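Working notes for the structure below.
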């Protein structure tokens, strides 16, 4: 009997509490239940809890207005404008993308096929170039100036194009590249979009844009194309090969690939092999473009280009081009308008600076060119092992192509010579022992200490043992840190070169980071002028 009463009481409690916990007034929903004890009848269900003291009253209006995003409105407006332009010119040949040009250039069309390091083939190609000064009768006063990633051949103003060039203050009578003495040539690299053949060019085989059918490039491929131009101009030997950033890579590559055709070399804020940090930064720039829906796997010509991804890519790049100390002085923590509430769109001065840099660039350079040229930088490695592997790969591909670039064997679909694939296995952390072995074999450089270059790199630079070489670095450079230029200089010395000049600008001398080579006429320009004689 006692057990039956306990069971009935429990049933009453369950019915009552399940009703009262719902937040509604307690109702006798269990008609056959026993009367509840007094202390349970007096119990009241708690009121519904409201976060942070919010009132339970519902007015139908949000507590706060939604934040406005004028930065996104601007992107959407540009997309709509480009879409309207595309609607009236639906074609592979024309569309809303701009004509990527910086003005008049000279064009060299090479009809001889160019076999590329990773197996691709250009049956013919164009090289856009500009010149300054006069070539002497012996054609021995020629300087080949190499560009950075996104630069055109317009390094200095010309009568045909009076706009200032990207190295305007470094080229001219009495300047770093003295046009009273030297004949200066600057080209747009293959893979670019300022007149030289690149992804936005028309494939002569089918009359359509290359897009991502354009073959993978290397820095040395770019140099080989440039030397075809030199052959056309009758230049058998350069007085000097000069370059900064990616141009500094090309300058070293020119000496290694054509040691008998280069006299002196200048490499500023560059390296002899790309390192993980710079590879990583270029990778996220490429992903910004690839992840833009308008990229369309590279076939966006005649449609809306991936301007949103391109803008973000440039903003990321700009972070690597300058230095933290400079930005502390230039921007600090200042906001664009401190009288207004904070915003999620560009708000701090440094944010507005990055936004402006991306805005200027997003429609002035072909996104596919950025993908291909930046990848060529990542692949750069003048180590002996890579040179041998590349030579063997080129020899194998050469057998597939007969005279005039005709194919003697059928390339398998999906060949790695023409496409990039995902690794067979995802990334796995190295075992501690393997990591330690790698660190022991190639000691990481310490601040101010001379690096210990790997023997493979020393062997790879042996071709330059008889060349005077100027290597320059900047302490505030985070994209190509100064230890990488020290590595180049030390590797050259260990390879037997006794004519290496190495200059490193301290943060006191320059706070401009990687962009110092564009801005410091006194230190950079002065060292180059002195070295060239």
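In this note's numbering, the protein residues as written are 3 to 535.
Backbone N, C-alpha and C fix where the C-beta goes; we use that ideal spot for every residue, glycine too.
In this text, all values refer to a predicted model and were calculated from it rather than measured experimentally.
| Helix, strand or coil for residue 377 per DSSP? | Locating residue 377 in the chain shown gives position 375, where the first residue counts as 1. Of the three classes helix, strand and coil, the one that applies to residue 377 here is helix, per DSSP.
| request: Determine the extent of the alpha helix (DSSP H) in which residue 229 is found, giving its start and end residues. | output: The sequence position of residue 229 within the chain shown is 227, counting from 1. 221 to 235 is the span of the alpha helix (DSSP H), which, as asked, contains residue 229.
| query | Once you ignore the five residues that flank residue 150 on each side, which residues in its own chain have a CB closer than 7 Å to its CB? | reply | On the chain shown, residue 150 is found 148 positions in, with the first residue counted as 1. Hits under 7 Å: 246, 247, 248 and 249.
| query | In three-state DSSP terms, what is residue 259? | reply | On the chain shown, position 257 is the one that residue 259 refers to. Helix, per DSSP.
| message | Please give the ranges of any alpha helix (DSSP H) in the stretch 451 to 504, keeping only runs that are unbroken, at least 4 residues long and fully inside the region. | response | 457 to 462 and 484 to 496
| Is residue 318 helix, strand or coil by DSSP? | Locating residue 318 in the chain shown gives position 316, counting from the first residue. If DSSP states are grouped into helix, strand and coil, residue 318 belongs with the helices.
| task | Would you mind stating whether residue 472 and residue 258 have Cβ atoms separated by less than 9 Å? | result | As a working mapping, residue 472 is identified with position 470 in the chain shown. As a working mapping, residue 258 is identified with position 256 in the chain shown. Their beta carbons are not under 9 Å apart, which means residue 472 does not touch residue 258 by this criterion.
| message | Residues in the same chain with beta-carbon distance under 6 Å from residue 108, minus the five sequence neighbours each way, listed in chain order, please. | response | Residue numbering aside, residue 108 sits at position 106 when the chain shown is read from its first letter. Excluding sequence neighbours, residue 108 sits near 131.
| message | Using a 10 Å radius around the Cβ and a threshold of 16 neighbouring Cβ atoms, would you call residue 309 buried or exposed? | response | As a first step, residue 309 is located in the chain shown; it is residue number 307 there, counting from the start. Buried: at least 16 other Cβ atoms inside 10 Å.
| message | Please tell me whether residue 189 and residue 198 are closer than 9 Å, where the distance is taken between their beta carbons. | response | Against the chain shown, residue 189 aligns to sequence position 187. Against the chain shown, residue 198 aligns to sequence position 196. Contact flag set, yes.
| request: Give the DSSP-derived three-state secondary structure of residue 353 in the structure shown. | output: As a working note, residue 353 is residue 351 in the chain shown. Residue state, collapsed to three classes: helix.
| field | Cβ-based burial, residue 72 [other Cβ within 10 Å; buried from 16] | value | For the purposes of this step, residue 72 is identified with residue 70 of the chain shown, where counting begins at 1. By the 10 Å Cβ count, residue 72 comes out exposed.
| said: Would you call the stretch 234 to 246 in contact with the stretch 257 to 274, where contact means no fewer than 3 C-beta pairs closer than 8 Å? | reply: yes
| field | Residue burial classification, residue 161 (beta-carbon count within 10 angstroms, cutoff 16) | value | What you label residue 161 is simply residue 159 of the chain shown in a count that begins at 1. It counts as exposed.
| residue 400 in three-state terms, based on DSSP | Indexing the chain shown from 1 puts residue 400 at position 398. It is helical.
| message | Does residue 523 come out as helix, strand or coil in the three-state DSSP assignment? | response | Taking the chain shown and counting its residues from 1, one reaches residue 523 at position 521. Correct three-state label for residue 523: helix.
| request: Pick out whichever of 145, 427, 200 and 159 has its Cα sitting closest to the Cα of residue 179. | output: Counted from its first residue, the chain shown places residue 179 at position 177. The residue with the shortest Cα to Cα distance from residue 179 is 145.
| residue 378 versus 88, 219, 184 and 83, residue with shortest Cα-Cα distance | Within the chain shown, residue 378 is the residue found at index 376, counting from 1. That would be 219, whose Cα lies nearest to the Cα of residue 378.
| message | Can you tell me whether residue 294 is helix, strand or coil according to DSSP? | response | Counting from 1 along the chain shown, the entry for residue 294 is found at position 292. Residue 294 falls in the coil class under three-state DSSP.
| said: Contact defined as beta carbons within less than 8 Å: I believe residue 268 pairs with residue 306. What is the distance between those atoms, to the nearest angstrom? | reply: As a first step, residue 268 is located in the chain shown; it is residue number 266 there, counting from the start. As a first step, residue 306 is located in the chain shown; it is residue number 304 there, counting from the start. About 41 Å; that fails the 8 Å criterion.
| query | Is the stretch 208 to 219 touching the stretch 388 to 396, taking contact as three or more C-beta pairs under 8 Å? | reply | no
| Closest by C-alpha distance to residue 106, when choosing among 380, 487 and 196 | Here residue 106 corresponds to residue number 104 of the chain shown, with the count starting at 1. Residue 106 has its Cα closest to that of 196, out of 380, 487 and 196.
| message | Below 8 Å, how does it come out for the stretch 223 to 230 and the stretch 171 to 186: are there three or more Cβ pairs, yes or no? | response | no
| task | Given a cut-off of 9 Å, decide if residue 334 and residue 480 are closer than it, judged by their beta-carbon atoms. | result | Taking the chain shown and counting its residues from 1, one reaches residue 480 at position 478. Taking the chain shown and counting its residues from 1, one reaches residue 334 at position 332. For residue 480 and residue 334, no; Cβs fall outside 9 Å.
| said: Quick check: what's the CA-CA separation for residue 384 versus residue 254? | reply: Numbered from 1 along the chain shown, position 382 holds the residue referred to as residue 384. Numbered from 1 along the chain shown, position 252 holds the residue referred to as residue 254. Distance between the alpha carbons of residue 384 and residue 254 is about 9 Å.
| said: Quick check on this structure: which residue in 534, 75 and 126 has the alpha carbon closest to the alpha carbon of residue 112? | reply: Numbered from its first residue, the chain shown carries residue 112 at position 110. Checking every option, the nearest Cα to that of residue 112 belongs to 126.
| message | Suppose the cutoff is 7 Å on Cβ atoms and the five residues either side in sequence are ignored; what does the same chain contact list for residue 380 look like? | response | Against the chain shown, residue 380 aligns to sequence position 378. Excluding sequence neighbours, residue 380 sits near 276, 281 and 284.
| field | C-alpha distance - residue 368 paired with residue 74, whole-angstrom precision | value | The count along the chain shown starts at 1 and reaches residue 368 at position 366. The count along the chain shown starts at 1 and reaches residue 74 at position 72. Roughly 22 Å separates the two Cα atoms.
| task | Could you tell me how far apart the beta carbons of residue 347 and residue 316 are, in whole angstroms, since I believe they sit closer than 8 Å? | result | Mapped onto the chain shown, residue 347 falls at position 345. Mapped onto the chain shown, residue 316 falls at position 314. Contact doesn't hold; Cβ gap of about 17 Å is too wide.
| query | Among all the DSSP beta bridges, which residues are the ones paired with residue 108? | reply | Position 106 of the chain shown, counting from 1, holds the residue named residue 108. Answer is 131, bridged to residue 108.
| said: Suppose contacts are defined by Cβ-Cβ distances below 9 Å. Is residue 500 in contact with residue 488 by that definition? | reply: Along the chain shown, read from residue 1 onward, the residue named residue 500 stands at position 498. Along the chain shown, read from residue 1 onward, the residue named residue 488 stands at position 486. It is not a contact, given that the beta carbons lie outside the stated cut-off.
| request: Quick one: using the 10 Å Cβ neighbour count with 16 as the cut-off for buried, is residue 295 buried or exposed? | output: Here the question's residue 295 lines up with position 293 in the chain shown. Flag for residue 295 reads exposed.
| Got a sec, what are the start and stop residues for the beta strand (DSSP E) residue 543 sits in? | For the chain, the structure presents residues 3 to 535; residue 543 sits outside this window and is missing.
| request: Specify the secondary structure class of residue 188 as computed by DSSP and reduced to three states. | output: Within the chain shown, residue 188 is the residue found at index 186, counting from 1. In the structure shown, residue 188 sits in a strand (DSSP, three-state: E or B).
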